[in-house]
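S.K.:
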Amino acid sequence: MTSQPLQSQSITLPSWAALGFCLALAVQLAGLVIWGAKVEARTTELHATTETLRRGDLVKIQTDVSWIRAQLEREDRR
84 MTSQPLQSQS ITLPSWAALG FCLALAVQLA GLVIWGAKVE ARTTELHATT ETLRRGDLVK
144 IQTDVSWIRA QLEREDRR
């Protein structure tokens, strides 16, 4: 009895490990993009919030508030 070589199948099966790796890589990349967008949004919001400190407007507002408070106290004394 002689052995005959096996015929190779014409249908190729996908490598499940490679597909799983590519899927995991895509999920991590999407997560990184989302995380980066959140950091950018928070940074932009922080810059907008602290803009008054940078310009010095908050000091002016506090000065105005103290002046208004002093005026109201003077009026209450009258």
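Quick note: the sequence shown, position 65, residue 148 per our numbering, numbers continuous. Think of the CB as a built atom: it goes at the ideal place given N, C-alpha and C, for glycine as much as any other residue.
DSSP three-state label for Gln87, please.
M.R.: As a first step, residue 87 is located in the sequence shown; it is residue number 4 there, counting from the start. If DSSP states are grouped into helix, strand and coil, Gln87 belongs with coil.
S.K.: Using C-beta distances below 6 Å, list every residue in its chain close to Gly103, excluding the 5 sequence neighbours before and after it, in chain order.
M.R.: Within the sequence shown, numbered from 1, the residue matching residue 103 stands at position 20. Around Gly103: no qualifying Cβ.
S.K.: How would you write the range of the alpha helix (DSSP H) that Leu106 sits in, first residue to last?
M.R.: As a working note, residue 106 is residue 23 in the sequence shown. Where Leu106 is concerned, the enclosing alpha helix (DSSP H) stretches over Trp99 to Arg138.
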